[in-house]
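K.L.:
Quick note, the sequences are listed as chains A and B, same order.
Start counting the first sequence at 1; every next residue gets the next number (my numbering).
Start counting the second sequence at 115; every next residue gets the next number (my numbering).
Beta carbons: idealized from backbone N, C-alpha and C, even for Gly.
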Amino acid sequence: ETGVTQTPRHLVMGMTNKKSLKCEQHLGHNAMYWYKQSAKKPLELMFVYNFKEQTENNSVPSRFSPECPNSSHLFLHLHTLQPEDSALYLCASSQEGRLTGELFFGEGSRLTVL
Amino acid sequence: AQTVTQSQPEMSVQEAETVTLSCTYDTSESDYYLFWYKQPPSRQMILVIRQEAYKQQNATENRFSVNFQKAAKSFSLKISDSQLGDAAMYFCAYRGTNYGGSQGNLIFGKGTKLSVKP
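Right, here's the structure in full:
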């Protein structure tokens, strides 16, 4: 079992659909993150949660709505997405407070918006 | 703003040979951290190696080592005795020390795709 688990691994949705991505970490970490990975672009940090509180929102459109009910679970709710939102969405966790702490990533959720 | 540049979109190496992946960065900070992450096909991204800018000694992890040139703002990754399992996307990342404290504030390069030929 991996330390950070993401579901679903693949998702295809229309622009009017509402779906959610789920992330669960089994590492006892206190911080979780959502990243967007698009082809030929650097990874983009979307949201950061520390101890369930959102500490960063990097100008992400409101059609992406994060939720962190506890320090082990993180969701990304999707609604009225655009085709350019098609990408690999990566979840990561870390133990905040260790400056050189390692990020642990999930395998990602491949999203295709038609 | 800090930037990270990986000038080699793709690289290829023969099994058992050595390959060096390039990374340069731009920053006005004096203290920061640099990382190399590996992302195998359809698998998780994992940390390969990290370097603290205040340390002059280059970091080493088994077959992986870095050449950190602070003045030149260069941070290359050397993979010795390349193995088939080394085939992956490699990302260079920068983290400053003046952020709010979140370790997620990594700035990534676009990545280098490494192929290993048997």
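Give the residues from the region 159-189 of chain B that approach chain A closer than 9 Å (Cβ to any Cβ), ordered along the chain.
P.N.:
M159, I160, L161, R164 and E166
K.L.:
Closer than 8 Å by C-beta to B/A186: which residues in its own chain qualify, once you throw out the five before and the five after it? Chain order, please.
P.N.:
Excluding five sequence positions before and after B/A186, the CB atoms of its chain that fall closer than 8 Å to its own CB belong to T138, given in chain order.
K.L.:
Identify which residue in B/Y168, B/I193, B/L161 and B/F189 has its Cα closest to the Cα of B/N176.
P.N.:
The alpha carbon of B/N176 has as its nearest neighbour, out of B/Y168, B/I193, B/L161 and B/F189, the alpha carbon of B/I193.
K.L.:
Ignore the nearest five residues each way along the sequence and tell me which others in A/V60's own chain have a CB closer than 7 Å to its CB.
P.N.:
M46 and F47
K.L.:
When DSSP labels each residue in this structure, what does B/L198 get in the three-state scheme?
P.N.:
Under the three-state reduction of DSSP, B/L198 is assigned to helix.
K.L.:
Please confirm if A/P42 has its CB atom under 7 Å from at least one CB of chain B.
P.N.:
yes
K.L.:
Whole-angstrom Cβ separation of B/F178 and B/V162, contact assumed at under 8 Å?
P.N.:
5 Å
K.L.:
Using 7 Å as the limit for Cβ to Cβ distance, is A/E107 near chain B?
P.N.:
yes
K.L.:
If we cut at 7 Å on Cβ distances, does B/K227 have a partner in chain A?
P.N.:
Not an interface residue.
K.L.:
Check this for me: beta carbons of B/F222 and A/P83, under 7 Å apart or not?
P.N.:
no
K.L.:
Run down chain A in chain order and give the residues with a C-beta less than 8 Å from the C-beta of B/K224.
P.N.:
Those within 8 Å of B/K224 in chain A are K40, K41 and P42.
K.L.:
Taking the continuous beta strand (DSSP E) assigned at B/L135, which residues delimit it?
P.N.:
V133 to L135
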